[in-house]
Structures are given as C-alpha cells and as structure tokens.
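In what follows, a single structure is set out as structure tokens and then discussed.
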Amino acid sequence: MQKFKIPYNFEIKSIIQLYAQWIREGKLKPSSDWNKDRKIKFTLQDPCQLVRKSFGDPVAEDLRYVVRAVVGEENFVDMTPNKSNNFCCGGGGGYLQSGFQEQRRAYGQTKANQILTTKAAYCITPCHNCHAQVHDMAEVNDHAWQTVHLWTLLCLSLGILGPKERTYLGDDLKDVDVFHPESEE
Numbered sequence: 124m125q126k127f128k129i130p131y132n133f134e135i136k137s138i139i140q141l142y143a144q145w146i147r148e149g150k151l152k153p154s155s156d157w158n159k160d161r162k163i164k165f166t167l168q169d170p171c172q173l174v175r176k177s178f179g180d181p182v183a184e185d186l187r188y189v190v191r192a193v194v195g196e197e198n199f200v201d202m203t204p205n206k207s208n209n210f211c212c213g214g215g216g217g218y219l220q221s222g223f224q225e226q227r228r229a230y231g232q233t234k235a236n237q238i239l240t241t242k243a244a245y246c247i248t249p250c251h252n253c254h255a256q257v258h259d260m261a262e263v264n265d266h267a268w269q270t271v272h273l274w275t276l277l278c279l280s281l282g283i284l285g286p287k288e289r290t291y292l293g294d295d296l297k298d299v300d301v302f303h304p305e306s307e308e
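To convert, take the position in the sequence shown, counting from 1, and add 123; that gives the numbering used here.
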C-alpha cells in the first residue's frame with residue numbers, strides 16, 4: 124500500500140505478534156511445564172518473509188517470546204546469527220517449488236549447519252516454506268533434528284493438539300498431555 128501510495132486505514136500484523144500479545148495479556152495460556160523433565164531442546168528458524176523483509180527484529184523478539192512460553196526458556200537454543208541477520212533456509216520466495224532441488228539443497232546447507240550447531244532436537248518453523256525446506260534438508264541428509272510448526276507446539280502447550288495432528292511429531296512429543304485446570308471450569 125505504501126509502495127503504491129494508496130491510502131489505508133488499518134494496521135498489518137503478523138499472527139506471531141498477536142500470539143505474543145495474547146500470551147502477555149493472559150488470553151492465551153501456554154504451559155512449558157510439559158518440557159521441564161523432558162528437556163527437549165528447540166531452535167528457531169526466522170523466516171525471511173516475516174523478519175528480514177517485513178516486520179524486522181520486533182517480530183523476531185515476539186517469536187522468541189512465544190517459543191520460550193511454549194517450550195521453556197531453558198530449552199530454547201537460539202541460532203547464531205539470528206533475527207534480521209539470520210541465514211535464509213533456501214526454500215523461500217518460491218524457490219521450494221522451482222524444481223531445482225539440488226541447487227535449493229546446496230543453498231540450504233548453510234542453514235543446515237546452523238541448525239546442527241545448536242544440537243537441538245527440533246527446529247521450529249513458523250513459515251510453511253521454511254518448514255518444508257528444513258524438513259527436506261533433515262530427511263535427505265539424515266540430520267539429527269525434526270521439524271515442527273510453531274502452531275503445532277503452541278496447540279500442544281495449550282492442551283488442544285489433537286491425535287491426528289501429532290502423527291508427524293517425534294515419539295518424544297506424541298504423548299505430551301498438557302492439562303489446564305481452567306479448562307475444567
């Protein structure tokens with residue numbers, strides 16, 4: 124809208140910003156208690172379209188706030204570099220569907236190395252393109268991480284993730300059952 128000098132009277136937000144806002148306001152009440160004893164480590168992919176090309180570091184901070192609320196502060200391992208300086212996974216901007224698998228995977232090797240350095244069991248991706256690319260890199264190269272959508276973990280931590288939505292999770296997450304006392308009211 125700004126680029127084309129079209130006047131508008133609304134604010135554009137990412138759902139990530141809303142998740143963070145709702146958690147801060149107590150409207151969403153995720154619990155990271157499920158991961159206190161499990162100590163499953165998670166890292167996070169900053170999507171280019173969300174962070175570098177759109178909302179910048181403020182949304183990256185909101186993203187980390189949500190992740191920490193969901194998996195626990197002590198179980199989040201950030202990549203370096205991160206936020207606006209993070210590396211592209213290689214799947215964005217339509218490259219994932221371009222048909223150039225070999226080139227896409229080669230481009231994504233920097234991201235793969237970055238994820239491996241964290242030694243995290245899971246890489247959280249809030250973007251579908253990133254999810255597909257990061258998952259593909261792990262599967263094709265037999266890397267030691269699994270890929271999970273942010274939404275899936277948020278639902279898991281809220282106690283509302285259904286059985287069919289757990290099928291792609293690792294065995295360490297499939298049986299997580301979060302109980303919220305307020306749901307009994």
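Virtual Cβ for every residue (Gly too), placed ideally from N, Cα, C. These numbers come from a predicted model, not from an experiment.
A direct Cα-Cα distance of roughly 46 Å separates valine 301 from proline 130.
Shown here for leucine 151: same chain residues with a beta carbon closer than 6 Å to its own, the five before and five after excluded, namely Trp145 in chain order. Short of 8 Å from the beta carbon of aspartate 295, and not among the five residues preceding or following it, lie these beta carbons of its own chain, in chain order: Arg161, Ile163 and Ala244. The Cβ atoms of valine 182 and glutamine 140 sit closer than 8 Å to each other. For cysteine 246, there is no enclosing alpha helix (DSSP H); the residue is part of the beta strand (DSSP E) that begins and ends at 245-248.
Per DSSP, the beta-bridge partners of phenylalanine 199 are Phe165. Of the candidates Gly285, Gly215 and Thr290, the residue whose Cα lies closest to the Cα of alanine 255 is Gly215.
In this structure, lysine 242 keeps its C-beta atom at 8 Å or more from the C-beta atom of cysteine 211. When Cβ pairs closer than 8 Å are counted between the two stretches, the stretch 163-176 is seen to touch the stretch 195-205, the count reaching three or more.
Restricting attention to Leu239, Ser207, Pro153 and His272, the CA atom closest to the CA of cysteine 253 is found in His272. Around the C-beta of arginine 187, 16 or more other C-beta atoms lie within 10 Å, and the residue is accordingly described as buried. Comparing alpha carbon positions, the residue from Val193, Gln172, Asn264 and Leu239 closest to asparagine 208 is Gln172.
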